[in-house]
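Below is one structure, written out as structure tokens, with a few remarks after it.
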Amino acid sequence: MEWAIYLSGEIHTDWRQQIIQGCEANNLAVNFSSAVTDHEASDAAGDVLGPEDNHFWRDHKSAKVNAIRTKNLIEQCDIAIIRFGDKYKQWNAAFDAGYCAALGTPYITLHNDDIIHPLKEVDAAALAWATSPEQVVELLTYIINKS
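Just so it is clear: in the sequence shown, position 59 is 43 by the working numbering, and no numbers are missing.
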């Protein structure tokens, strides 16, 4: 069986690549998906539908276009890894976690311990909390390979 893993959240570091490389090194049968991680492209996703003078409506259209991708990928995944970084507040990641919780899709949060308090509800619904991509790879190795 190949596991579908959705990688959600922070886009400014290489955590996704670290997890992908770690899973490859452990020969895990996984298929990764993610939201669009090119920030400018994501922000402009709705621009094809016409220009907007008001930033709210530009963001609104782009969020809906992006949701076509993220909604389907989350619904199809076996497990989600949801990363909260230090530099920006990832409201989209919190939304993805809530969507996973509502669907009953297992997810692992990935964040430093200095943001435990603001993420207490998100972590409460997670099935694991990791502080490094290496821990995520160890968890996935156990989940996928142990019999």
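Ideal Cβ placement from N, Cα and C applies to all residues, glycine included.
Within 7 Å, strictly: CB atoms of residue i and residue j
i, j, result
"I99", "L12", "no"
"G(-7)", "F68", "yes"
"W(-13)", "D80", "no"
"I92", "L(-9)", "no"
"V49", "A29", "yes"
"L87", "A114", "no"
"S46", "D22", "no"
"L123", "A112", "yes"
Residues near residue i by beta carbon distance below 6 Å, same chain, minus five either side
i, result
"E59", "none"
"T54", "A19"
"S17", "Y(-10), L57"
"A109", "A85"
"I52", "none"
Residue i: first and last residue of the uninterrupted alpha helix (DSSP H) it sits in
i, result
"I100", "First-last for I100: undefined, no H or E at that position."
"Y83", "75 to 87"
"T125", "117 to 129"
Spatially closest choice to residue i from the options, by CA coordinates
i, options, result
"A77", "D62, D43, D107, D97", "D107"
"W75", "L103, D97, D22", "L103"
"M(-15)", "V14, Q1, K73", "V14"
Supposed contact pair residue j and residue i - C-beta distance, whole angstroms, cut 8 Å
i, j, result
"W(-1)", "P117", "5 Å"
Residues near residue i in its chain [Cβ-Cβ closer than 7 Å; skip 5 each side]
i, result
"V121", "I3, G6, C7, N10"
"I(-5)", "T21, H23"
"D97", "T115"
Limits of the unbroken beta strand (DSSP E) element including residue i
i, result
"N15", "14 to 18"
"T93", "91 to 94"
"L(-9)", "-13 to -7"
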